[in-house]
Amino acid sequence: MKIQVSATRMELMNLRKRHAVAIRGHKLLKDKLDELMRRFLRMIKGYKTLHQEVEELILKGHKHFLFARALMSPIDLREALMAKTDRQLAISVSWENIMSVRVPKMTMEGEAVSGQYGYANTCADLDLAMALYKKVLPKLLELAEKRSSLELLATEIESTRRRVNALEYILIPTIEETIRDIIMRMNELERSNLTRLMRVKEIVRKS
13 MKIQVSATRM ELMNLRKRHA VAIRGHKLLK DKLDELMRRF LRMIKGYKTL HQEVEELILK
73 GHKHFLFARA LMSPIDLREA LMAKTDRQLA ISVSWENIMS VRVPKMTMEG EAVSGQYGYA
133 NTCADLDLAM ALYKKVLPKL LELAEKRSSL ELLATEIEST RRRVNALEYI LIPTIEETIR
193 DIIMRMNELE RSNLTRLMRV KEIVRKS
């Protein structure tokens, strides 16, 4: 599909400039896409490793919690779980740029601690479960951070890929086809003018 323009040298010059800009833009976007993909794949690898670690900690904590529930009375277990603590836990979110993509950076402020329950009516398995849950909490936060970053990067990758494809398969070929068409029409016009000029010269010569 050609762009509808006049077959003039000015239009040809403008199209060649536009073609050069499109080529440069395509290269920049392609480089950006390659770097986004490289970082995305590296982040996926880290996410999978962390996800497996979190899953293992949760399973271990759940196993000890089930043992504690089997060993303790429901009332003692409920009281231990409902025990209050004076410490507060907060999460702050900042933002950083990855290839012009704003991704979250989550930070836990304070320490995750369980309530101060007594040890007389509890068991070691409850302590182990609570310790494992405490350990997994910051990792869960990091996992959420990585997942959010991956989703944002995936959106940017898809958007950049569409722009690269639009330049590579639509705009640049269209400009090139239009340039060829203008050159062809200008050559035809030049030949037509030359033929007409030769006829005029022939008429003048014979007169």
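Number 219 marks the last residue of the sequence shown (my numbering); no jumps. Think of the CB as a built atom: it goes at the ideal place given N, C-alpha and C, for glycine as much as any other residue.
Close beta carbons around residue i, own chain, < 6 Å, minus the five adjacent residues each side
i, result
"M198", "A19"
"F77", "A141"
"S106", "K117"
Proximal residues to residue i (C-beta, below 7 Å), its chain only, five neighbours per side dropped
i, result
"E108", "V115 and K117"
"D295", "Nothing can be reported for residue 295, as the shown portion of the chain is limited to 13 through 219."
"R175", "L41"
"S204", "none"
Other residues of its chain near residue i: CB distance less than 8 Å, five sequence neighbours each side excluded
i, result
"K151", "L62, E65, V66 and L69"
"K158", "M55, G58, Y59 and L62"
"R7", "Look at the range of the chain in this structure, 13 to 219, and you will see that residue 7 is not part of it."
"D193", "K14 and A19"
"I187", "I15, L27, R30, H31 and A34"
"F52", "L162, L165, A166 and I169"
"S160", "V115 and P116"
Identity of the residue in the options nearest residue i by Cα
i, options, result
"D242", "F79, D193 and V216", "The structure shown does not extend to residue 242, since the chain is modelled only from 13 to 219, so the question has no answer here."
"K74", "S85, A143 and V216", "Going by the sequence as given, residue 74 is His instead of Lys. The candidate whose alpha carbon is nearest that of H74 is A143."
"G122", "R28, V113, A102 and I187", "A102"
"M25", "I184, I195, L209 and K213", "I195"
"L179", "G37, A95, M22 and L83", "G37"
"T119", "M111, I110 and L149", "L149"
Residue i: first and last residue of the uninterrupted alpha helix (DSSP H) it sits in
i, result
"T20", "Per DSSP, T20 belongs to no alpha helix (DSSP H) and is neither H nor E."
"M242", "Since the first residue shown for the chain is 13 and the last is 219, residue 242 is missing from the structure and cannot be characterised."
Ranges of the beta strand (DSSP E) found wholly within the stretch 93-158, counting only runs of at least 3 = The DSSP assignment places 102-110 and 113-121 as complete runs of the beta strand (DSSP E) inside the stretch 93-158, in order along the chain (cut-off: 3 residues).
inquiry  = What ranges does the alpha helix (DSSP H) occupy inside the stretch 42-94, keeping only unbroken runs of at least 4 residues that lie completely in it?
reply    = Those alpha helix (DSSP H) runs which fall completely within the stretch 42-94 and span 4+ residues are 86-93.
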